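Colleague: Protein chains in written order, with my numbering: chain W, 253 to 525; chain X, 253 to 525; chain V, 253 to 525. C-beta: ideal position from N, C-alpha, C; glycine also. From a predicted model like this one, the values you see are computed outputs, not experimental measurements.
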Amino acid sequence: MLGNCIDNVRAAAPLVHNITNYVTVNDVANILLACGGSPIMSDEPDDVEDITSICGGLCINIGTLNQQSMEGMFRAGKKANELGHILLLDPVGAGASTLRTDTAVRLAEELRFDAIRGNISEIRTLAQGSGTTRGVDADLADAVTEENLEEAVAFVKNFAKKDGCIAAVTGAIDLVGDQSTCYVIRNGRPEMAKITGTGCQLSAVMTAFLVANPQEKLKAAAAAVCAMGLAGELAWKRMQEGDGNAAYRNRIIDAVYNMDGNELEKGANYEVR
Amino acid sequence: MLGNCIDNVRAAAPLVHNITNYVTVNDVANILLACGGSPIMSDEPDDVEDITSICGGLCINIGTLNQQSMEGMFRAGKKANELGHILLLDPVGAGASTLRTDTAVRLAEELRFDAIRGNISEIRTLAQGSGTTRGVDADLADAVTEENLEEAVAFVKNFAKKDGCIAAVTGAIDLVGDQSTCYVIRNGRPEMAKITGTGCQLSAVMTAFLVANPQEKLKAAAAAVCAMGLAGELAWKRMQEGDGNAAYRNRIIDAVYNMDGNELEKGANYEVR
Amino acid sequence: MLGNCIDNVRAAAPLVHNITNYVTVNDVANILLACGGSPIMSDEPDDVEDITSICGGLCINIGTLNQQSMEGMFRAGKKANELGHILLLDPVGAGASTLRTDTAVRLAEELRFDAIRGNISEIRTLAQGSGTTRGVDADLADAVTEENLEEAVAFVKNFAKKDGCIAAVTGAIDLVGDQSTCYVIRNGRPEMAKITGTGCQLSAVMTAFLVANPQEKLKAAAAAVCAMGLAGELAWKRMQEGDGNAAYRNRIIDAVYNMDGNELEKGANYEVR
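Now the structure itself:
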């Protein structure tokens, strides 16, 4: 019964503050609108506390971090924690550089996140304080597969327990868990990796889902992952001859725009472990 | 007779300098090209004076302001004023944070703007020096409706008189006025609010219209608002099953690309008060 | 025989580091994915050395330079040179401002570039240390035409010789040369100039082509230009009634996504001088 989570987003229209990268920010804004949320972006340290105060949640994405936005992340994050707002971390490229790894680790230490979402390499980096991320994509050796699923589920639960948050590891198979329960999700299509920013988009959507479903955060986080993957499946069915990753990008956002609770309920493909 | 305003843009191909946010900047650039203008973006303080000098107009949008771009806004704005260039302000999120409110108020005080365009909450904030903007969207209590239209028109004329500029308040009903005349415009569709940046796009398009129609600025500003709203209507007619806000975003830009003076003249839906 | 160059990109999946402008960065990322590469963006000085170290090439684009990203460009460029990585410069707007001209000239002096790609005004500015660029578009008086082609080819070879790099001058006719050989390319469509960032996209794609074809850099650079122009032709054939520059933008990226070596081989329209 994940379907109602998206209906709750449309009913609540949560305002989500994003401190995010300039690569995928437009798609992040449009997919937040598509799912029923309302985006606002601000990274200037002198602006972020006011902005986050009027929002329901804050999504911190370190995809193109700089000294100014890093200060903004910490100031906004602390304010969000003070106010009891939803706080999510997307540690883009953690493991790919010392600055990204250190910043992600520091953010995870100094702030209380409701959820942390990344690929397996990024989350492993956070768990270990180091990593071998291949740029912003997951290291292939780290991929979650049917073969190592048991181990990966245990890793997710353990990470969630240690960090006291929901851990969402997305890839070919998505895992969304807290310390005791893990959703194993098989929505989505491999072609989504050929679009920049599907991960960033999911993080923002997940923040909106968490804000609008505060009593069932784990379910809401899993529903966001299902919704994004299902949008990828529905969008693929609408692809026409000659379409490529640009058309696919648009069609995925459109699929979220047109998705309701019934469609999500029927299309969500998951098991709970 | 607003139609010729867009033909003049295509004939003049005005170069428009944008100091704008990183969320919607790509759409701003593409819609400027679509309407016949030519965009250039620069916010580095040491770059902006040169850049604005070769342009016909400058559009300042505070959507993701930071200390560096704020300095760029003032330096570029002063240069544009010196050179007698068109200068437009889009006070995105004024009222949502102290920094945004203060910056918008200071810009309006220290620079001479040809036009200021925002939603009603943002313009009220500028008028009052404070506000209750709901993020970057208008506060619902502030919406211009058929019921409070008389009062809203008076507000727009008064604001325009006090600030010595064209005031453009956009929403379900758009108002574009100077101290004595106000265009009441009923183009557009509510679904445009589900796309990020239609306001930012309009501000840039309006700047191009002002540059290309220097003898009839109020008419040009109104024509830009009609053109954007009409594009929203035409684009909506081209929507196909499964399309959502991403497709709509593209179709609106495309509708501007294909619009000529005749189409604008026939489609513009306004009265003058 | 340029066709295999794109196949090599798909086989190698080169990671390309981009320090680029925030206007067209999303399209740059998506077209890199479309051609078979993998993008990563980073401009923070304390991040760029690590990031460029894990990549195969670095594309420096000064479209919205600022003091921070400028420092990032020099630090990343030096590291790329140290590591023998592919390094490309796109001097966007050189000639339009002192800061852009000086930065482009300094980058060309202090770093060893494998290729420099710009419009004729930008490349002339680099050659002369000054210019009359019309914003980010080429000065019309500078356009490469059938009439001045001989002279333009000589200019390109001379520039390439002096700078010790591949020079790519793109416009209605594209020229890609080293000191002794120049590809004269007649792919593309004039409507591509109505989309923001086709030049930025080409620079990133060219970087990926160079990384994946290290033994034949000139051919690879020419193949990238042919691929981009051919994509513009193929995309134009897919345009439908009502489509404009937004649809065209998406269709061009999609055409690259669907292009293979055979299609490129057959569609490439060039002569060697």
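Just verifying my parser: in three-state terms, what is the DSSP assignment at Ala-479 (chain X)?
Modeller: helix
Colleague: Looking at chain W, is there any beta carbon in it that lies within less than 8 Å of the beta carbon of Val-408 (chain V)?
Modeller: no
Colleague: Using a C-beta to C-beta distance shorter than 8 Å, which residues of chain W count as neighbours of Gly-381 (chain X)?
Modeller: Neighbours of Gly-381 (chain X) on chain W: none; closest Cβ ~16 Å, over 8 Å.
Colleague: At a Cβ cut of 8 Å, what residues of the stretch 481 to 498 of chain W count as close to chain V, listed as they run along the chain?
Modeller: Within the stretch 481 to 498 of chain W, the residues whose Cβ lies closer than 8 Å to some Cβ of chain V are Gly-494, Asp-495, Gly-496, Asn-497, Ala-498, listed in chain order.
Colleague: When you compare the stretch 348 to 361 of chain X with the stretch 296 to 306 of chain W, are there three or more beta-carbon pairs, one atom per stretch, that lie closer than 8 Å?
Modeller: yes
Colleague: For Lys-242 (chain X), tell me which candidate among X:Ala-472, X:Ile-292, X:Arg-358 has the shortest Cα-Cα distance.
Modeller: In the structure as shown, chain X starts at 253 and stops at 525, and residue 242 (chain X) therefore has no counterpart that could be examined.
Colleague: Hey, is Leu-427 (chain X)'s beta-carbon within less than 8 Å of any beta-carbon in chain W?
Modeller: no
Colleague: Looking at the structure shown, is Pro-291 (chain V) part of a helix, part of a strand, or coil, going by DSSP?
Modeller: strand
Colleague: Is any beta-carbon of chain W found at less than 8 Å from that of Gln-319 (chain V)?
Modeller: no
Colleague: Does any C-beta atom of chain W lie closer than 8 Å to the C-beta of Ile-505 (chain X)?
Modeller: no
Colleague: Give me the chain W residues within the contact set of Tyr-500 (chain V), using Cβ-Cβ distance strictly less than 9 Å, ordered along the chain.
Modeller: In chain order: nothing, as chain W lies at least about 11 Å away.
Colleague: In the DSSP output, which residue or residues are listed as bridge partners for Glu-531 (chain X)?
Modeller: Outside the displayed span of chain X (253 to 525) sits residue 531 (chain X), for which this structure offers no information.
Colleague: In terms of residue numbering, what span does the alpha helix (DSSP H) encompassing Asp-259 (chain W) cover?
Modeller: 256 to 264
Colleague: Hey, does Val-405 (chain W) have any beta-carbon neighbour from chain X nearer than 8 Å?
Modeller: no
Colleague: For a quick check, are the C-beta atoms of Ala-473 (chain W) and Gly-289 (chain W) less than 8 Å apart?
Modeller: no
Colleague: Within 10 Å of its beta-carbon, does Ser-432 (chain X) have 16 or more other beta-carbons around it, so buried, or fewer, so exposed?
Modeller: exposed
Colleague: Going by DSSP, what residues sit across from Ser-349 (chain V) in a beta bridge?
Modeller: V:Ala-346
Colleague: Closer than 7 Å by beta-carbon distance: list the chain V residues that pair up with Pro-291 (chain X), in chain order.
Modeller: Under the 7 Å cutoff, chain V gives Thr-448.
Colleague: Can you give me the start and stop residues for the beta strand (DSSP E) that Arg-501 (chain V) sits inside?
Modeller: Careful: Arg-501 (chain V) lies outside any beta strand (DSSP E), inside the alpha helix (DSSP H) at 497 to 509.
Colleague: Mind checking the stretch 329 to 349 of chain V against chain X and listing, in chain order, the residues whose C-beta falls within less than 9 Å of any C-beta there?
Modeller: Flagged, chain order: Gly-345, Ala-348, Ser-349.
Colleague: Please state whether DSSP places Cys-452 (chain X) in a helix, a strand or coil.
Modeller: helix
Colleague: With a threshold of 8 Å between beta carbons, is Thr-316 (chain W) in contact with chain V?
Modeller: yes
Colleague: Any idea what DSSP makes of Asn-318 (chain X), helix, strand or coil?
Modeller: In the three-state reduction of the DSSP assignment, Asn-318 (chain X) falls in the coil class.
Colleague: Suppose you measure from the CA of Ile-416 (chain W) to the CA of Arg-376 (chain W); what does that come to, to the nearest Å?
Modeller: Checking the sequence, you will find Gly at residue 416 (chain W) rather than Ile. Rounded to whole angstroms, Gly-416 (chain W) to Arg-376 (chain W) spans 16 Å at the Cα level.
Colleague: Is the CB of Leu-462 (chain W) under 8 Å away from at least one CB in chain V?
Modeller: no
Colleague: With DSSP run on the structure shown, which of helix, strand or coil describes Asp-430 (chain X)?
Modeller: coil
Colleague: Take Glu-398 (chain X) and list the residues in its own chain whose beta-carbon comes closer than 8 Å to its own, dropping the five residues that flank it on each side.
Modeller: Ile-425
Colleague: Hey, could you find the ends of the beta strand (DSSP E) Leu-267 (chain V) is sitting in?
Modeller: 267 to 271
Colleague: In the DSSP assignment, what residue or residues form a beta bridge with Cys-307 (chain V)?
Modeller: Cys-307 (chain V) is not bridged to any residue.
Colleague: Run through DSSP, which three-state label would Ala-424 (chain W) get?
Modeller: Here DSSP, grouped into helix, strand and coil, assigns Ala-424 (chain W) to coil.
Colleague: Compute the distance between the beta-carbons of Asp-299 (chain X) and Leu-317 (chain V), then report whether it is under 8 Å.
Modeller: yes
Colleague: From what residue to what residue does the alpha helix (DSSP H) around Ala-406 (chain W) run?
Modeller: Element bounds for Ala-406 (chain W): 401 to 415.
Colleague: What residues in its chain sit with their C-beta under 7 Å from that of Ile-283 (chain V), if we drop five residues either side in the sequence?
Modeller: Gln-453, Ala-456, Val-457, Ile-505, Val-508
Colleague: For Leu-285 (chain V), would you say it is in contact with chain W, using Cβ-to-Cβ distances shorter than 8 Å as the test?
Modeller: Interface residue, yes.
Colleague: Where Glu-485 (chain W) and Ala-286 (chain V) are concerned, what is the direct C-alpha to C-alpha distance, given to the nearest angstrom?
Modeller: For Glu-485 (chain W) and Ala-286 (chain V), the gap between their C-alpha atoms comes out near 19 Å.
Colleague: First and last residue of the beta strand (DSSP E) that includes Arg-369 (chain X)?
Modeller: 367 to 370
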